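Only one structure is covered here, and it is reproduced in the block below.
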Amino acid sequence: MRKLLCAFVSALFLTMGFVSCQSDEEIKRQKYITEGILLYQNYCANCHQPKGQGLAALYPPIANSDYLQHKDSVICLIRYGMQGPVVVNGKTYNRVMPAQPQLSDLEVAELVTYIYNEWGKETQLTSLNTVKPQLENCRPKQ
Amino acid sequence: MKVSTIPASFWRPLKASLLSASLLCCVFACNSAGDKLPVLGEKEVITRTVDGKTVTDSVAHQIPDFAFVDQYNDTVTAKTVAGKIYVADFFFTSCPTICPKMKVQLKRVYEKYKGNPDVMLLSHSIDPRHDSVSVLNEFAANLGVTGKQWLFLTGDRDKIYDIGQNSYMVTAQEDSSVPGGVVHSGAFILVDKDRHIRGIYDGTTAAGTDKLLNDIDRLLTEYKS
Numbered sequence: 001m002r003k004l005l006c007a008f009v010s011a012l013f014l015t016m017g018f019v020s021c022q023s024d025e026e027i028k029r030q031k032y033i034t035e036g037i038l039l040y041q042n043y044c045a046n047c048h049q050p051k052g053q054g055l056a057a058l059y060p061p062i063a064n065s066d067y068l069q070h071k072d073s074v075i076c077l078i079r080y081g082m083q084g085p086v087v088v089n090g091k092t093y094n095r096v097m098p099a100q101p102q103l104s105d106l107e108v109a110e111l112v113t114y115i116y117n118e119w120g121k122e123t124q125l126t127s128l129n130t131v132k133p134q135l136e137n138c139r140p141k142q
Numbered sequence: 001m002k003v004s005t006i007p008a009s010f011w012r013p014l015k016a017s018l019l020s021a022s023l024l025c026c027v028f029a030c031n032s033a034g035d036k037l038p039v040l041g042e043k044e045v046i047t048r049t050v051d052g053k054t055v056t057d058s059v060a061h062q063i064p065d066f067a068f069v070d071q072y073n074d075t076v077t078a079k080t081v082a083g084k085i086y087v088a089d090f091f092f093t094s095c096p097t098i099c100p101k102m103k104v105q106l107k108r109v110y111e112k113y114k115g116n117p118d119v120m121l122l123s124h125s126i127d128p129r130h131d132s133v134s135v136l137n138e139f140a141a142n143l144g145v146t147g148k149q150w151l152f153l154t155g156d157r158d159k160i161y162d163i164g165q166n167s168y169m170v171t172a173q174e175d176s177s178v179p180g181g182v183v184h185s186g187a188f189i190l191v192d193k194d195r196h197i198r199g200i201y202d203g204t205t206a207a208g209t210d211k212l213l214n215d216i217d218r219l220l221t222e223y224k225s
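Protein chains in written order, with the UniProt record's numbering: chain A, 1 to 142; chain Y, 1 to 225.
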């Protein structure tokens, strides 16, 4: 009986260790996505709509958007905005996208993670380390 | 980033008239089983002469005549909406906050009553310096709006603010800390054929707009009987 209990407990610990190791990254991804959803609703959804479908010919879609292949520029335009015509899925849109300078590097990473997991077929997070140098690259020259 | 500067005068609270209007609004909103929609706003007292006698009378709050320019560069006055019921709202094209939500909702109204000669929509720009005729024309086209049923209005800024604040009873306030520079009311205002306000709705939500759609039907029914 004692042997059985012993085996059970050690199996339990093993499993726990395994699960927590495996899901550290996964927990972080979920956290990014959860934050990203809130940020999306606050800063993006008014124009791009809650399901990322965009609005007529005014605001381009994010869902099923071929523009998602330009991840570097997505990272930049979230923080610094965008002006002038842009072609998305073959259609031209030309409306000013306001900058959101108040978004931190981490918040941009969370937004990008949410957007690419939701609509970019990605299953991994876009880390702070990816976003930081890119935001530095595209910081407007003073 | 472009930040619109909207003078504080536009956003001055409406005090008593607004309060009573919203109270009325609440009271009647609960009592939606009534046959007719209420007439909102404070009654105005007028004095006139009938058969040589001076008579004091009270009349319902009415949207006064106005003159703005639409996205086709045509002048729009009270004559344009004569014999029609219409929905009015206030927005600006570069607004990144509630305006896109309102336009999504107002488009539902547009789609539902498209081609109905009794219904019009008037969207007033509160940033008329930026929202020129050509800017509004492009905006309407991009939103998928054609024809003359939904008009996007620009014109003298003070007159737009004045009619918004004093006639349509909309509120808003300047807030330089928000994108776009202004937090404003997301109201849709339903106006009848006599230019009386018959309802005020939250244009930023589907639920508010559902109520508007329902009330437009009720108002149209009033004219059938």
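Glycine residues also receive a C-beta, built at the ideal position from the N, C-alpha and C atoms.
Nothing here was measured: the structure is a model prediction, and the numbers come from that model.
- Item | Given 8 Å, three or more beta-carbon pairs between the segment 42-58 of chain Y and the segment 144-162 of chain Y | A contact is defined here as three or more CB-CB pairs under 8 Å, and the segment 42-58 of chain Y fails this definition with respect to the segment 144-162 of chain Y.
- Pick helix, strand or coil for Leu-58 (chain A), following the three-state DSSP scheme. Here Leu-58 (chain A) sits in coil by DSSP.
- Name, please, each residue of chain Y whose Cβ falls closer than 9 Å to the Cβ of Ala-57 (chain A). Those are Ala-141, Asn-142, Leu-143, Gly-144, listed as they occur along chain Y.
- Task: Would you identify the three-state DSSP class for Thr-204 (chain Y), choosing helix, strand or coil?
- Result: Residue state, collapsed to three classes: coil.
- Looking only at DSSP bridge pairs, what is Ile-27 (chain A) linked to? Ile-27 (chain A) pairs with nothing; no bridge assigned.
- Leaving out five residues on either side along the sequence, give the residues of the same chain with a beta carbon under 6 Å from the beta carbon of Gly-164 (chain Y). Within the same chain, and ignoring the five residues on either side of Gly-164 (chain Y) in sequence, the residues whose Cβ sits closer than 6 Å to its Cβ are Phe-90, Val-170.
- Item | Rounded separation between Ile-78 (chain A) and Ala-99 (chain A) - CA only | Approximately 7 Å between the Cα atoms of the pair.
- Query: Where does Arg-198 (chain Y) fall in DSSP's three states?
  - Reply: In the three-state reduction of the DSSP assignment, Arg-198 (chain Y) falls in the strand class.
- Beta-carbon spacing of Leu-143 (chain Y), Lys-103 (chain Y) below 8 Å: For the 8 Å CB-CB criterion, Leu-143 (chain Y) and Lys-103 (chain Y) form a contact.
- Message: What does DSSP give as the partner residue(s) for residue 229 (chain Y) in the beta ladder?
- Response: Examination of residue 229 (chain Y) is not possible in this model, given that chain Y is present from 1 through 225 alone.
- Message: Using C-beta distances below 8 Å, list every residue in its chain close to Glu-136 (chain A), excluding the 5 sequence neighbours before and after it, in chain order.
- Response: No residues qualify anywhere along the chain.
- Message: Measuring only the C-alpha atoms, how far is Ile-46 (chain Y) from His-61 (chain Y)?
- Response: Computed Cα separation, rounded: 11 Å.
- Beta-carbon gap between Leu-212 (chain Y) and Tyr-201 (chain Y) smaller than 8 Å: Yes, Cβ-Cβ distance for Leu-212 (chain Y) and Tyr-201 (chain Y) is below 8 Å.
- Query: Closest by CA to Lys-107 (chain Y), which one among Y:Asn-166, Y:Lys-79, Y:Thr-146?
  - Reply: From the listed residues Y:Asn-166, Y:Lys-79, Y:Thr-146, the smallest Cα separation to Lys-107 (chain Y) is found for Y:Thr-146.
- Query: Residues bridged to residue 237 (chain Y) by DSSP?
  - Reply: With chain Y covering only 1 through 225, there is no way to say anything about residue 237 (chain Y).
- Which partner residues does Val-119 (chain Y) have in the DSSP bridge list? Residue pairing by DSSP places Val-119 (chain Y) opposite Y:Ile-85 in a beta bridge.
- Query: Can Lys-112 (chain Y) and Lys-193 (chain Y) be called in contact, C-beta distance under 8 Å?
  - Reply: In this structure, Lys-193 (chain Y) does not lie closer than 8 Å to Lys-112 (chain Y) by Cβ.
- Message: Measuring straight from C-alpha to C-alpha, what distance separates Lys-197 (chain Y) and Val-39 (chain Y)?
- Response: According to the sequence as given, residue 197 (chain Y) is Ile; it is not Lys. Looking at the two C-alpha atoms, the distance is approximately 6 Å.
- Message: Can you check which of these residues, A:Thr-126, A:Ser-10, A:Glu-26, A:Pro-50, is closest to Phe-74 (chain A) by C-alpha distance?
- Response: It should be pointed out that residue 74 (chain A) corresponds to Val in this sequence rather than to Phe. The option with the nearest alpha carbon to Val-74 (chain A) is A:Thr-126.
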